[in-house]
Amino acid sequence: MNWERRLYLAAHPFAYPLLRGVARRGAIVRVPGVGVVVNDASLARDVLMDGETFRKDGPGSPGDLWTPVLGPSVLLNMEGDAHRALRRRLTDLFVPSYTEALCARVLAEPLDRLAGRLASGAAVDLVDAARVLAGAVIGEVIGLDGGTEAAYRDLFEQGERVVSMVSLRTRRLSPSQVRRARAVLDPLGDIAAKSYLTGDESTVMGRMRALGLSEDEARGAAGAFFLTGTETVATLLPRLIALLADHGLLARVAADEALLGPAIEEAMRVTTPTPVMLRGVHRPATVGGVAVRPGDRVLIATHNCCRAHGPFDPD
Ligand code: HEM
């Protein structure tokens, strides 16, 4: 059994075998209580490219799950013109030169400490390190001042608790889950709003204000970045290193930056930090021969789509 499978089984002892079992039943399968599950990359692409029929807002969509917690304008629950407009404004913000400088600034000190420990031959827990690093970057994006490693660990755990409220079957969070999620996200929104109102354009929130985003959009973006940007990175980073080490490629990739991009892409495919994507069906349609109707949920099993293309092979 490979490590990815072992990890997924440990994390999701019931959902993972179900998801892999569904892959054996065909490219697209209706699973009662869950939705229509897509296991094939080209069908997944068809769904993702048709944002009119398969939506992130409306019944059965990610909006059903997250709008009560994050508000209506946080990209991951938006479609159409409003989505395109917000994406465009954020693209102006997250240009590579800006994100590279932000990461270099925030990560210099923790990476120095990590390098020091490695150089002295000490054991390093890469999972913990990745959580702290991801937490530090998102903390900076939100406008958190002077966070400690302990604070980032705590932030990460709080995010994990919110994300783990959602299972394959969850259509909506219960009122008490919404309350608990908001208890985590509202204080982060307050921090983001404070930074937004200060308007310092060297901060992400200050730049959002300069780009014409409203305070609510900045608040929502902070919550969305926190939910989407911590666990994903902290899942990928240690597995990327482990895959390279297991395949005898770590030294080669570390020595040649041109190999790093393909290695990251291949590690993303094999580890699939976002194993499932959700869309709500807005109008009657047929996908891969399966009829879907308004209110249906389509679950794109990214993990199944990606695993169909074989084991880790960055070459
Ligand atoms: C290994 C790292 C990451 C992976 C594999 C990843 C993967 C993905 C995927 C597959 C989606 C599409 C989901 C869907 O359409 O249903 C997505 C959306 C999104 N991600 Fe990431 N992500 C990563 C890191 C991040 C980070 C660091 C941030 C923010 C700082 C972020 C913010 C977002 C946002 C805001 C969306 C919604 C975009 C939209 O709907 O327009 N992600 N991500």
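Reminder that position 153 of the sequence shown reads as 172 in the working numbering, one-by-one numbering, no gaps.
From the three backbone atoms N, C-alpha and C, an ideal C-beta is built for every residue, glycine too.
The beta carbon of A212 sits no closer than 7 Å to any heavy atom of ligand 1. With a cut-off of 7 Å, the C-beta of A101 is classified as distant from ligand 1, since no heavy atom of the ligand falls inside that distance. For L263, the CB contacts under 7 Å within the same chain, skipping 5 residues up- and downstream, are L269, V272 and A282 in chain order.
In the DSSP assignment, T249 falls outside any beta strand (DSSP E) and carries neither an H nor an E. Using a 10 angstroms sphere on the CB of D275, the tally of other CB atoms stays under 16, which defines it as exposed. Cβ-Cβ separation between A153 and V223: approximately 15 Å, too far for a contact (criterion under 8 Å).
The DSSP-derived three-state label of T305 is strand. No Cβ-Cβ contact shorter than 8 Å links R312 with L230. Minimum Cα-Cα distance from V203 among the listed residues M227, L216 and F175 corresponds to F175. Annotated three-state conformation of M296 is strand, per DSSP. Residue nearest to L28 within the set G308, C324 and T290 is T290 (criterion: CA-CA distance). If you look at L28, you'll find it in the alpha helix (DSSP H) that goes W22 to A30. For A282, the shortest C-beta to heavy atom distance toward ligand 1 is 7 Å or greater. Judged by the Cβ position, T247 qualifies as a neighbour of ligand 1 at the 7 Å threshold, a heavy atom of the ligand being closer than this. F33 has its CB no nearer than 7 Å to any heavy atom of ligand 1.
A straight line joining the alpha-carbon of P292 with that of E284 spans about 12 Å.
Judged by beta-carbon spacing, A46 lies within the 8 Å limit of L62, meaning their Cβ atoms are closer than that value. Counting along the chain, G208 sits inside the alpha helix (DSSP H) bounded by residues P194 to T217. Among the bridge pairs identified by DSSP, F73 is matched with V300. Within the same chain, Cβ atoms closer than 6 Å to the Cβ of E234 are found at A212 and Y215, the five residues on either side in sequence being excluded.
Membership of R312 in any alpha helix (DSSP H) is not indicated, and neither H nor E is assigned to it by DSSP. In the displayed model, R188 falls within coil according to three-state DSSP, outside both helix and strand.
One thing to note: R74 has its Cβ within 8 Å of the Cβ of H301. Residue pairing by DSSP puts I319 in a beta bridge opposite V57 and M296.
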